[in-house]
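Residue numbers (UniProt numbering): 1 to 675. Every residue gets a Cβ at the ideal spot worked out from N, C-alpha and C, and that includes glycine. So the structure is just underneath, and the comments pick up after that.
Pasting the structure below:
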């Protein structure tokens with residue numbers, strides 16, 4: 001990013017420890033990379049821990065180079081640890097967020113606090129997995145852990161992660177399951193672990209299962225998901241938490257919940273960003289996130305009054321209207337703030353339904369029926385947008401024919417919303433298992449529709465995510481659907497649109513049967529969290545511009561093919577395929593000599609009249625090489641949504657040079673549990 005200022009002259013000179021072993025109580029050793037001030041033994045510093053399965057040696061190495069030396073130059077020790085069984089660490093990683101992962105982290109924190117270069121205090125920072133485990137470990141209350149910065153993370157592993165959305169099976173369950181499987185199967189670097197690399201690798205290949213199978217075994221919000229979900233008891237987290245995310249990401253919802261429910265010091269920041277750190281995220285504007293981190297660390301790890309404790313609890317980017325696009329360099333808008341959450345200036349504004357219309361006042365008595373084709377939702381983009389790739393939702397006009405559409409007249413004055421829109425709907429279904437999808441859009445003056453928010457509910461989860469209740473065909477019930485949080489301004493002359501469909505492909509798989517919903521306009525309403533601009537917004541200090549340490553050099557050996565995201569339809573059968581290709585090409589890291597390549601494909605296919613035709617296939621191919629060393633991992637997984645079962649077909653091939661180390665195929669079926 002050209003707007004990032006690279007800092008090379010720091011208050012304290014930095015030294016790096018390329019690899020250091022941290023012993024666990026059971027004898028397993030975890031691999032760590034550490035950046036710290038040269039004089040830290042004489043003048044000890046707090047440690048900032050980032051604890052991940054994503055390979056410190058060659059996986060997160062580019063972003064680590066931007067971040068951890070920067071912290072070190074300002075008087076901290078930046079510590080990147082490979083979790084057990086990943087990267088260069090010993091052992092086997094057998095799943096997400098396991099107790100073993102947390103136990104290991106407790107041992108890491110205790111070890112860090114005792115080092116002669118550490119002041120005895122530790123902070124945790126992380127995005128996605130590292131954001132999750134920062135919260136989870138905080139709930140375990142290790143004495144040395146004093147503060148957390150958690151980005152793009154969740155407090156609820158069932159309702160706000162990649163597995164289930166409103167009780168519906170997410171397509172990202174397959175995508176992420178295949179990705180995580182590929183990562184867990186990769187080898188350590190012989191330059192770090194020596195001749196043991198093959199033994200350690202085979203231990204992973206043969207001692208690890210397919211994590212995704214656990215996620216299909218557990219289709220309700222049972223103890224499997226309650227573990228690691230801090231919403232089970234927010235009071236467990238006592239230390240200060242800075243929760244950060246973006247509207248283009250998959251995880252903005254938990255920020256609002258954590259601000260509302262965490263008992264201690266907490267702060268929230270939501271920008272226009274995707275699933276990236278805000279100093280190099282898209283859509284912009286980017287901000288001086290590392291400087292903001294230092295203010296947080298100085299306040300809560302060093303006891304220096306930086307003023308951050310006196311600022312509003314929530315700062316969010318109020319997005320202004322923009323034409324729909326799959327990618328933006330920047331989203332227009334402005335920063336707004338709330339002193340607490342729920343915000344004292346945010347109130348409910350209700351719109352009633354009548355055929356084709358949203359308006360204040362009474363609803364009509366009409367009953368409208370909808371049965372969407374199974375292809376409804378193809379304009380939705382990715383559930384979790386990375387921002388730097390064109391994966392955002394495109395023009396929602398293409399979805400109008402798949403849904404019941406309700407729309408306001410052109411607005412007479414601008415409206416701003418911040419928080420969770422909700423749709424309260426009186427409905428009946430003709431099937432016991434049915435989905436409802438609600439999409440909120442901003443309709444521009446030229447008719448283009450830009451998605452603002454959406455929500456999905458498997459109606460068997462309308463009361464609870466554990467004690468499910470099938471719909472009684474023909475019986476009318478009132479259901480409340482909370483849409484994804486948002487911050488959006490609608491200008492005078494624009495329209496607000498609500499589109500109701502019975503599916504949302506390929507965000508979620510369809511139900512086992514085509515269901516028709518009867519929507520009773522009387523008794524249904526859209527509830528918007530309307531926020532009036534306030535003087536506080538105009539007094540906010542500007543964020544500094546983005547800064548980083550020196551980027552890591554790498555040599556491009558072979559450029560990857562351009563990113564692909566395309567929809568194709570067979571006009572005879574109606575079969576529609578949604579294809580994504582991410583090809584990283586082949587690059588060489590000069591500082592380690594590693595050459596690596598990676599390629600991912602996703603293909604999700606469905607016919608509009610047959611929900612049991614839905615299937616997805618995800619593949620990953622990863623190669624690591626240096627000199628005579630060459631290791632390659634290829635995985636593929638297919639999930640088919642049959643009427644009564646989820647059918648999963650998986651294939652793993654691991655090669656050392658020309659030798660096939662593992663070639664394993666498996667087919668497994670999981671009964672569909674009311675989804």
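Could you tell me the distance, in whole angstroms, from the CA atom of residue i to the CA atom of residue j?
| i | j | result |
| --- | --- | --- |
| residue 452 | residue 171 | 21 Å |
| residue 617 | residue 507 | 14 Å |
| residue 17 | residue 78 | 10 Å |
| residue 635 | residue 386 | 23 Å |
| residue 306 | residue 244 | 19 Å |
| residue 90 | residue 673 | 37 Å |
| residue 360 | residue 497 | 14 Å |
| residue 504 | residue 229 | 26 Å |
| residue 196 | residue 202 | 10 Å |
| residue 628 | residue 600 | 25 Å |
| residue 547 | residue 373 | 48 Å |
| residue 98 | residue 350 | 43 Å |
| residue 340 | residue 256 | 10 Å |
| residue 95 | residue 130 | 14 Å |
| residue 232 | residue 484 | 21 Å |
Could you tell me which residues DSSP pairs with residue i in its beta bridges?
| i | result |
| --- | --- |
| residue 670 | 646 |
| residue 624 | 596 and 631 |
| residue 118 | 45 |
| residue 638 | 617 and 649 |
| residue 458 | 435 |
| residue 610 | 607 |
| residue 349 | 528 |
| residue 583 | 599 |
| residue 450 | 442 |
| residue 676 | Coverage of the chain is limited to positions 1 through 675, which leaves residue 676 absent and any answer about it impossible. |
| residue 79 | 34 and 49 |
With DSSP collapsed to three states, give me the class of residue i.
| i | result |
| --- | --- |
| residue 299 | helix |
| residue 104 | helix |
| residue 201 | helix |
| residue 360 | coil |
| residue 259 | helix |
| residue 38 | coil |
| residue 382 | coil |
| residue 430 | coil |
| residue 86 | coil |
| residue 478 | strand |
| residue 226 | helix |
| residue 588 | strand |
| residue 68 | helix |
| residue 113 | helix |
| residue 488 | strand |
| residue 170 | strand |
| residue 404 | strand |
| residue 207 | helix |
| residue 319 | strand |
| residue 214 | helix |
| residue 183 | helix |
| residue 335 | strand |
| residue 655 | strand |
| residue 7 | coil |
| residue 196 | helix |
| residue 73 | helix |
Please determine, among the options, the residue with the shortest C-alpha to C-alpha distance to residue i.
| i | options | result |
| --- | --- | --- |
| residue 595 | 87, 625 and 31 | 625 |
| residue 535 | 147, 345 and 233 | 345 |
| residue 318 | 330, 257 and 310 | 330 |
| residue 22 | 12, 95 and 34 | 34 |
| residue 122 | 114, 13 and 145 | 145 |
| residue 15 | 41, 28, 26 and 4 | 41 |
| residue 399 | 413, 380, 410 and 415 | 380 |
| residue 525 | 348, 238 and 337 | 348 |
| residue 637 | 631, 655, 268 and 664 | 664 |
| residue 70 | 666, 419, 297 and 471 | 297 |
| residue 514 | 434, 134 and 107 | 434 |
| residue 375 | 573, 96 and 390 | 573 |
| residue 654 | 66, 182, 173 and 109 | 182 |
Does any C-beta atom of chain D lie closer than 8 Å to the C-beta of residue i?
| i | result |
| --- | --- |
| residue 597 | Here chain D cannot be found, since the structure has a single protein chain. |
Counting Cβ pairs, one atom from each stretch, are 3 or more of them under 8 Å apart for the region 236 to 252 and the region 151 to 169?
yes
Stretch pair the region 461 to 478 + the region 437 to 451: three plus CB contacts closer than 8 Å:
no
Assess, as a yes-or-no matter, whether the region 45 to 59 is touched by the region 101 to 113 under the definition of 3 or more beta carbon pairs within less than 8 Å.
yes
Could you say if the region 602 to 612 and the region 569 to 589 meet the contact criterion of at least three C-beta pairs nearer than 8 Å?
yes
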